[in-house]
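> Protein sequence lines correspond, in order, to chains A and B.
All letters in the first sequence, in the order written, are residues 13 to 304 by our numbering.
All letters in the second sequence, in the order written, are residues 130 to 447 by our numbering.
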Amino acid sequence: MTQQNEPSLEGNKLPTSVTQVGIITRYEILNYFRSRRFFILLVITLLISGLLTFVVGYYGVSRIAGSPPQSIAFYGAWWGLASSLIIVFCAVFFGGDAISGEFQNKTGYFLVGNPIRRSSIYIGKWIAALIASLIIVGVFTAIMIGNGLYYFGANIPSQFGEAFLFTLVYLIAALGFTFFFSSLFKSSSYSILVTVILLLFGFSLIDTVVTNLVHIEPWFTLSYGSNIISNVFTVPYPPHVTTLSGFGGGGGRGPTLTEYIPTIPEGLAIMVIYFAITAILGLFLFEKKEFN
Amino acid sequence: MRKLPSIEAIGLSKAYGSFTALSDLNLKIEGAKCVGFLGPNGAGKTTTLKIFTDMIFATKGKALINGIVVHENKRLALEHCGALIESPEIYPSFTPHEALRMVAEIRGVPSSERSKRIDEAIAEVKMEEWKDKKVGKFSKGMKQRINIASSLLSEPDILILDEPTTGLDPRGQAEVRDIVKSLKKRSRLIFMSSHLLPEVSDVCDEVAMIDHGKLLVYDTLSNVTMKFSGDGGSNVVEIGLSKAVDDSTVAGSISRISGVTGVEKMDSRNLRIKFSGGVDAQERLLADLASMRIGMISFRASSSALEDTYLNLIKDTL
Numbered sequence: 013m014t015q016q017n018e019p020s021l022e023g024n025k026l027p028t029s030v031t032q033v034g035i036i037t038r039y040e041i042l043n044y045f046r047s048r049r050f051f052i053l054l055v056i057t058l059l060i061s062g063l064l065t066f067v068v069g070y071y072g073v074s075r076i077a078g079s080p081p082q083s084i085a086f087y088g089a090w091w092g093l094a095s096s097l098i099i100v101f102c103a104v105f106f107g108g109d110a111i112s113g114e115f116q117n118k119t120g121y122f123l124v125g126n127p128i129r130r131s132s133i134y135i136g137k138w139i140a141a142l143i144a145s146l147i148i149v150g151v152f153t154a155i156m157i158g159n160g161l162y163y164f165g166a167n168i169p170s171q172f173g174e175a176f177l178f179t180l181v182y183l184i185a186a187l188g189f190t191f192f193f194s195s196l197f198k199s200s201s202y203s204i205l206v207t208v209i210l211l212l213f214g215f216s217l218i219d220t221v222v223t224n225l226v227h228i229e230p231w232f233t234l235s236y237g238s239n240i241i242s243n244v245f246t247v248p249y250p251p252h253v254t255t256l257s258g259f260g261g262g263g264g265r266g267p268t269l270t271e272y273i274p275t276i277p278e279g280l281a282i283m284v285i286y287f288a289i290t291a292i293l294g295l296f297l298f299e300k301k302e303f304n
Numbered sequence: 130m131r132k133l134p135s136i137e138a139i140g141l142s143k144a145y146g147s148f149t150a151l152s153d154l155n156l157k158i159e160g161a162k163c164v165g166f167l168g169p170n171g172a173g174k175t176t177t178l179k180i181f182t183d184m185i186f187a188t189k190g191k192a193l194i195n196g197i198v199v200h201e202n203k204r205l206a207l208e209h210c211g212a213l214i215e216s217p218e219i220y221p222s223f224t225p226h227e228a229l230r231m232v233a234e235i236r237g238v239p240s241s242e243r244s245k246r247i248d249e250a251i252a253e254v255k256m257e258e259w260k261d262k263k264v265g266k267f268s269k270g271m272k273q274r275i276n277i278a279s280s281l282l283s284e285p286d287i288l289i290l291d292e293p294t295t296g297l298d299p300r301g302q303a304e305v306r307d308i309v310k311s312l313k314k315r316s317r318l319i320f321m322s323s324h325l326l327p328e329v330s331d332v333c334d335e336v337a338m339i340d341h342g343k344l345l346v347y348d349t350l351s352n353v354t355m356k357f358s359g360d361g362g363s364n365v366v367e368i369g370l371s372k373a374v375d376d377s378t379v380a381g382s383i384s385r386i387s388g389v390t391g392v393e394k395m396d397s398r399n400l401r402i403k404f405s406g407g408v409d410a411q412e413r414l415l416a417d418l419a420s421m422r423i424g425m426i427s428f429r430a431s432s433s434a435l436e437d438t439y440l441n442l443i444k445d446t447l
């Protein structure tokens, strides 16, 4: 036989890689909705928001917004208290096993054998995680603004706009970070555990230890950079370095404590660099990882 | 004129530390045919197929599909190639229809044809009743049917199948064999690993045997069995009859057919016939037996011949 009798695929036209990214994104979001993890996080977000609403309503708005109540204090307290936690939950829920799960559960075998670049799968899944997270953050924001409108009318401080943008940058960085660990491990449990520990406790612990024991600025942790989200509500913006001395009495001869506050450009740079490095490394690892 | 579908391994090697999973594999398969890929556990079969689908990467050498190096241009190389490697899992929350729609979109099946193609693929693997149920509730065999449907969806020129009947019940296995046979009729190139020698005998035209990462033989089924089965250069077919055959017919007219070197009665309705020559001789033998009107209802290359070949060539199980 020298030629095919029945040529196939006359009607098929392989989509571009960008289109394939969109396809992966759509089906990944469908998977989030179907697998209930999205709704579990939505319920957690509603519970946190509901609890804050209850606390403010029950104890009075002055309890968190000062006396007389100020909208900037209200937004600062609410957003500063819970937004970072919501971001960490989003990163872990949507990014923790996004890549490692493809290896552990063997779902990757269904996708990777198709004419699609691994980078399209990675980016598609990342965008899906970002969109799902934005919905969750949107719900949290809407409930907070609803409360703010009730107590303070349309008087939304400009600092909230900045904090919201910084939170989005933090979300992007946190998702890049979790995707990196998700690519690093083939076990979903390991990748989720490591990201939970680092994002919830690890970085904060490192910040404290490095600042108080080694007396250097912890510019290398993501949580340090994300502090600009809550600090922006302080007017004027707090100084970069504060040294407190004379603890423990003794005429000022006690230990000296140094507090580091990231400047806004520094905080943004830390988060952007975290995203860039972890996203590139995560993608590189996924490209090189073998399905064996 | 379209080029013949082809897959080619050039000096393909894969090592995991000091363990060599695949060693300098050179193999070119071209044209519409089904090639069985045989070897013991750990021989390098799945390793080879995974390199062809870019799931793992060769330490040395190249894997080409339709002349395109897979690792260098995966999208183009796999555009006309469907693959089923091991037993993939599908997102449990998806229905077969959704999972296949995702693959159809990735592979660029036109939106106007998508639903039709998906329905056809689902029908081909007999999963119509389940197409809108969640995959998470499916048995291993049902998932494997969907995986097979997924590999067929874009009507690829080339199919790479890694033990496709794994997890299927006997009926499912038979249905997969029928699918493979029908694909052969539609001028597809099928490269299929399997441990089931009767399955390979039934559907494959050629076999490649591999052991300890090295290719032992690649040839037509009849040539391989003739050379290595230990039947003295004979091929063997098994025929089934609708009625009992008497010894005089066996010893007389059947034994006297040109090329026949021996006839063995397995029971009153099944004969094992050794003959010399390749596919042409087999075709003549079939025609001669049919013309004798002895009630022949089946005629197939003996799987035991392939088994003998396999056992002669492959001495270890690991």
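Every residue, glycine too, gets a C-beta built ideally from N, C-alpha and C.
With DSSP collapsed to three states, give me the class of Leu325/B.
coil
> Would a check of beta-carbon distances place Ser135/B closer than 8 Å to chain A?
no
> Could you check whether the Cβ of Ser20/A sits closer than 8 Å to any Cβ belonging to chain B?
Low local confidence applies: a pLDDT of 44 at Ser20/A is under 50, so the model's placement there is unreliable, and no value is given.
> Considering Lys403/B, what are the terminal residues of the beta strand (DSSP E) in which it resides?
399 to 404
> Restricting to runs no shorter than 4 residues, where is the alpha helix (DSSP H) found entirely within the segment 199 to 285 of chain B?
203 to 207, 225 to 235, 240 to 253, 269 to 281
> Sort Val365/B, Pro327/B, Asp286/B by Cα distance to Met306/B and report the nearest one.
Residue 306/B is actually Arg in this sequence, not Met. Of the candidates Val365/B, Pro327/B, Asp286/B, the one whose C-alpha sits nearest the C-alpha of Arg306/B is Pro327/B.
> Buried or exposed, going by whether 16 or more other CB atoms sit within 10 Å of the CB of Met271/B?
buried
> Using 8 Å as the threshold, is the C-beta distance between Ile402/B and Ile423/B below it?
No. Outside cutoff.
> Spell out whether any CB of chain A is found under 8 Å from the CB atom of Tyr220/B.
Cβ-Cβ to chain A under 8 Å: yes for Tyr220/B.
> How many Å lie between Glu40/A and Lys137/A at the Cα?
When the Cα atoms are used, Glu40/A and Lys137/A turn out to be separated by approximately 6 Å.
> Contact criterion: CB-CB distance below 8 Å. Does Ile128/A meet it with respect to chain B?
yes
> Could you tell me the alpha carbon to alpha carbon distance between Glu299/A and Phe101/A, rounded to whole angstroms?
26 Å
> Looking at chain B, is there any beta carbon in it that lies within less than 8 Å of the beta carbon of Val30/A?
no
> Measure the alpha-carbon distance for Pro251/A versus Ile228/A and round it to whole angstroms.
16 Å
> Please list the partners that Leu50/A has in chain B, where partner means a Cβ-to-Cβ separation under 8 Å.
The sequence given here has Phe at residue 50/A, not Leu. What Phe50/A touches in chain B: nothing, since even the nearest Cβ is about 11 Å away.
> Output the distance between the C-alpha atoms of Leu180/A and Ser200/A, rounded to the nearest integer angstrom.
25 Å
> Residues of chain B with CB closer than 9 Å to the CB of Lys118/A, please, in chain order.
Glu215, Ser216, Pro217, Glu218
> So what's Ser20/A in DSSP terms, helix, strand or just coil?
Reliability fails at Ser20/A, whose pLDDT of 44 lies under 50, so the model's placement of it is uncertain and no value is given.
> Can you list, in chain order, the residues of its chain with a C-beta nearer than 7 Å to that of Glu159/B? Leave out the 5 residues immediately preceding and following it.
Leu133, Ser135
> Note down, in chain order, every chain A residue with its Cβ under 8 Å from the Cβ of Thr294/B.
In chain order: nothing, as chain A lies at least about 17 Å away.
> Would Asn243/A be called buried (16 or more neighbouring beta carbons within 10 Å of its own) or exposed?
The residue is buried, with at least 16 neighbouring Cβ atoms inside 10 Å.
> Using a Cβ cut-off of 8 Å, pull out every chain A residue sitting near Ile185/B, in sequence order please.
Glu302, Phe303, Asn304
> Would you list the one or two residues that DSSP bridges to Ile339/B?
The partner list for Ile339/B (beta bridge, DSSP) reads Leu344/B.
> Give me, in chain order, the residues of the same chain whose beta-carbon lies closer than 7 Å to that of Asp291/B; leave out the 5 immediate sequence neighbours on both sides.
Correct list, in chain order: Thr175, Leu178, Leu213, Ile214, Glu215, Ser322.
> I need the DSSP call for Asn117/A, collapsed to helix, strand or coil.
coil
> Cβ of Gly237/B less than 8 Å from any chain D Cβ?
The structure shown contains no chain D; its protein chains are A and B.
> Roughly how many whole angstroms lie between the Cα atoms of Val309/B and Ser351/B?
19 Å
> Determine whether the Cβ of Lys203/B lies closer than 8 Å to any Cβ atom of chain A.
yes
> Check the C-beta distance from Gly310/A over to Ile241/A and give it rounded, since I have them as a contact under 8 Å.
It is not possible to answer for residue 310/A, since the shown part of chain A is limited to 13 through 304.
> For the segment 72 to 87 of chain A, which residues have a CB atom closer than 8 Å to at least one CB atom of chain B, in sequence order?
none
> Note down, in chain order, each residue of its chain lying with its Cβ closer than 8 Å to the Cβ of Ile185/B, except the 5 sequence neighbours on either side.
Lys143, Thr176, Lys179
> Go ahead and pull the three-state DSSP assignment for Phe178/A.
helix
> Determine whether the Cβ of Met271/B lies closer than 8 Å to any Cβ atom of chain A.
no
> From this set, Leu414/B, Gly171/B, Ser279/B, Gly388/B, which residue's C-alpha is nearest Asn126/A's C-alpha?
Ser279/B
> In three-state terms, what does DSSP make of Gln271/A?
In the sequence as displayed, the identity of residue 271/A is Glu instead of Gln. Three-state DSSP puts Glu271/A in a strand.
> Could you tell me which chain A residues have their CB closer than 9 Å to the CB of Val379/B, listed as they occur along the chain?
Here the premise fails: no neighbours, minimum Cβ distance about 36 Å.
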